[in-house]
Amino acid sequence: MKIAIAGAGAMGSRLGLMLHQSGNEVILIDRWPAHIEAIRNNGLIANFNGKEIVEAIPIYSPEEVIKSNIQADLIIALTKANQLDGMFQAINSIITEQTHVLCLLNGLGHEDVLEKYVPKKNILFGITMWTAGLDGPGHVTLLGDGEIELENLEPEGEAFAKEVVAVFKDAKLNPTYSSNVRYSIWRKACVNGTLNGLCTILDCNIAGLGEQQPTNDMVRTIVAEFSAVAEKEGIELDQEEVNQHIQATYDPDNIGLHYPSMYQDLIKNHRLTEIDYINGAVWKKGQKYDIPTPYCAFLTQLIHSKEGLLAAK
Ligand code: NAD
């Protein structure tokens, strides 16, 4: 399959690398000049479960992609949430009636962005449990195992979505064709909407969060707010199961010792966060449906304040 990775940072590099290794015609699209130059000169260098591997994958800036009118059967969106619109604005002219787009970003509301550029019948959504770290230009760390769940937005997209599942299976990405990816997106958003913002503001790892009774109470309240808003969008979250799923992450043998990605982005690297697409999205949707979401609103504003204090970019 001809696959373009729109946003070849940490996760884009993982998918690009694994799909290229399994014989697909992959290109990476990114706007970071040093990253482009490093991959062109030396290939994409990865610590792949402790072993260094080098994969020579073509990489282009959005301007180069447009100039060469490079086409793809599938574009996999893997920018940060606040960068998605900019990316699709930049590569809009290569999207045809045949191009499918798979969105694997964390967070909510991305269909509102993608539907501006891609026919709805060609949009697929997914969630991924794979992880990846960007060490510097052209270098990534890809540890552990993961899974991907995906589904088409419209019934017409089913055959193509199943083709993508088969391609991902060959690439050992452990995919499943989902029967309700919107439920899974909301369930994952609950995890991100509690662990990410709270660990970032409280300056603690996930186990630390779990040790405090007040934070346990906050987690339950935030999940209840997500659940009330999700219900208005036709998703009935099983709150008890979601809370148990979050509690399981506190275990140091699970991911308890880990600092969530928002913590790493904001506190360590002073980068803007995806909060507007997680708690901020629930706050905004809550206003639309007249559902109070005070904890999501407060957490969103705290994170934005911290972004300001750290002059995050
Ligand atoms: P990242 O910041 O490492 O990568 C994003 C890349 O997109 C960057 O290299 C950036 O230069 C590029 N980009 C952004 N806007 C662009 C534009 N207009 N034109 C060209 N390039 C552009 O981010 P990431 O960690 O890979 O995360 C991507 C998404 O995947 C996020 O939604 C994140 O929450 C989700 N996710 C990440 C992980 C992980 O372990 N990193 C795991 C699961 C889900």
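According to my numbering, the sequence shown is numbered sequentially starting from 15. Ideal Cβ placement from N, Cα and C applies to all residues, glycine included.
DSSP places E247 in no alpha helix (DSSP H); its state is neither H nor E. Spatial neighbours of F174 in its own chain (CB-CB distance under 6 angstroms, excluding positions within 5 residues in sequence) are listed in chain order as H114. At least one heavy atom of ligand 1 lies closer than 7 angstroms to the C-beta of I43. Shown here, N120 sits in coil according to DSSP, grouped into three states, outside any helix or strand. The DSSP-derived three-state label of V179 is helix.
With a cut-off of 7 angstroms, the C-beta of S107 is classified as distant from ligand 1, since no heavy atom of the ligand falls inside that distance. In the DSSP secondary-structure assignment, Y273 is not bridged to any residue. Secondary structure note for K16: its beta strand (DSSP E) is the uninterrupted segment 16-20.
Here V178 has L88, L116, L138, L164 as same chain residues with Cβ atoms under 7 angstroms from its own Cβ, once five neighbours each way along the sequence are excluded. Following the DSSP letters along the chain, one finds H153 inside the beta strand (DSSP E) bounded by residues 153-156. When rounded, the separation of the alpha-carbon atoms in Y309 and I236 is 6 angstroms. Contact between the segment 202-216 and the segment 278-294 is present: three or more C-beta pairs spanning the two stretches fall below 8 angstroms. Remark: the C-beta of T142 is in contact range of ligand 1, defined as less than 7 angstroms to any heavy atom. Here the C-alpha atom of V256 lies approximately 20 angstroms from the C-alpha atom of A311.
Shortest Cα-Cα distance from T142 to any of L118, M232, L122, K130 involves L118. By the Cβ test, the segment 44-55 is in contact with the segment 144-158, since at least three Cβ pairs between them sit closer than 8 angstroms.
The Cβ atoms of T263 and I215 lie no closer than 8 angstroms to each other.
For P72, the Cβ stays outside the 7 angstroms cut-off from all heavy atoms of ligand 1. 8 angstroms or more divides the Cβ of E247 from the Cβ of V296. In this chain, the alpha helix (DSSP H) harbouring V79 covers 76-81.
When the five nearest sequence neighbours on each side are left out, the beta carbons in the same chain lying within less than 7 angstroms of the beta carbon of T287 are those of M276, D279, L280, I317, E321, in order along the chain. Remark: the shortest separation between the CB of S275 and any heavy atom of ligand 1 falls under 7 angstroms.
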